[in-house]
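Right, one structure below, let's go through it.
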């Protein structure tokens, strides 16, 4: 197992601290929500036995674990050492490195499949991040760019809206979380980075929790929630999420928030 790292920019350090702030809760409760997305995208990208595979913004390594179960030779990159530690423990044979998307610490033409699940769009320079992915991809490689589905198609837009009052206003012109949910914008990003878009698909990934304490623990684990708690306090985050969850309570006492993620499959 290699753990070669490169120095991080201040922005990457900050993101790593935010998303790794509640790493265990993220790994246990939030990352598994995306498993259907991982499985669908990997099947379409033909991840299989011996595939050299890289997940950028790999978080706690669940996507890498799914790829390893399909027989791939997996690598992962993230800005959070806390999340990477969980990924290394789950997939001991993987090559997990601390780094950032705009400067991947891998050699050119290394991978046949590269995925970015809700990561490329949060790079400081998304096109540069995709150009780096293209650099480390082999000719004909498949690259997956995954993002939120269209806000009108996902109840999970309420999850993001709940914490907005606790956060500073974004800079003018800053892209929002749904900036790439539009298929035209998603395809254009890939083309601007020199990739060839193939298709766009949506995958159902509902937020499901058995009870309120579990829901609150999971929802408080995102980097956005950690930032909101640092600014407004944990109690404010808890109140905002508790109120947001009211319409989504099920007859069993749990919670279910319908959600779609969208991915673009592109080739090099």
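Numbering (the numbering used here), first residue to last: 1 to 268. Don't be surprised by glycine CBs; every beta carbon is placed ideally from N, CA and C.
Give the DSSP-derived three-state secondary structure of residue i in the structure shown.
i           : result
residue 96  : strand
residue 256 : strand
residue 195 : coil
residue 262 : strand
residue 176 : coil
residue 272 : Residue 272 falls outside the range modelled here, since the chain spans only 1 to 268, and no answer is possible.
residue 221 : coil
residue 154 : coil
residue 201 : strand
residue 111 : strand
residue 250 : coil
residue 267 : strand
residue 147 : strand
residue 169 : coil
Would residue i pass as a contact of residue j if the rule is Cβ separation under 8 Å?
i           : j           : result
residue 241 : residue 158 : no
residue 136 : residue 104 : yes
residue 258 : residue 206 : yes
residue 72  : residue 142 : no
residue 195 : residue 266 : yes
residue 25  : residue 218 : yes
residue 186 : residue 198 : no
residue 156 : residue 116 : no
residue 248 : residue 256 : yes
residue 211 : residue 254 : yes
residue 68  : residue 74  : yes
CA-CA distance, residue i and residue j?
i           : j           : result
residue 166 : residue 119 : 23 Å
residue 34  : residue 23  : 16 Å
residue 87  : residue 60  : 5 Å
residue 13  : residue 98  : 10 Å
residue 233 : residue 168 : 14 Å
residue 11  : residue 226 : 16 Å
residue 139 : residue 108 : 10 Å
residue 215 : residue 250 : 13 Å
residue 43  : residue 149 : 19 Å
residue 85  : residue 173 : 35 Å
residue 127 : residue 243 : 37 Å
residue 303 : residue 252 : For the chain, the structure presents residues 1 to 268; residue 303 sits outside this window and is missing.
residue 204 : residue 37  : 8 Å
residue 19  : residue 224 : 8 Å
residue 15  : residue 48  : 31 Å
residue 260 : residue 144 : 16 Å
residue 245 : residue 110 : 44 Å
residue 56  : residue 193 : 16 Å
residue 274 : residue 113 : What the structure shows of the chain is the stretch from 1 to 268, and residue 274 is not part of that stretch, so it cannot be assessed.
If you count every other CB in all the chains shown that lies within 10 Å of the CB of residue i, and 16 or more means buried, which is it?
i           : result
residue 121 : buried
residue 154 : buried
residue 164 : exposed
residue 1   : With a pLDDT of 42 at residue 1, under the threshold of 50, the modelled position of this residue cannot be trusted, and the question is left open.
residue 30  : buried
residue 134 : buried
residue 222 : buried
residue 125 : exposed
residue 77  : buried
residue 54  : buried
Check: Going along the chain, which unbroken runs of the beta strand (DSSP E) with 3 or more residues stay wholly within the region 30-83?
Finding: 52-56, 73-78
Check: Enumerated in chain order, which unbroken segments of the alpha helix (DSSP H) with a length of 4 residues or greater are wholly contained in the region 113-143?
Finding: 126-136
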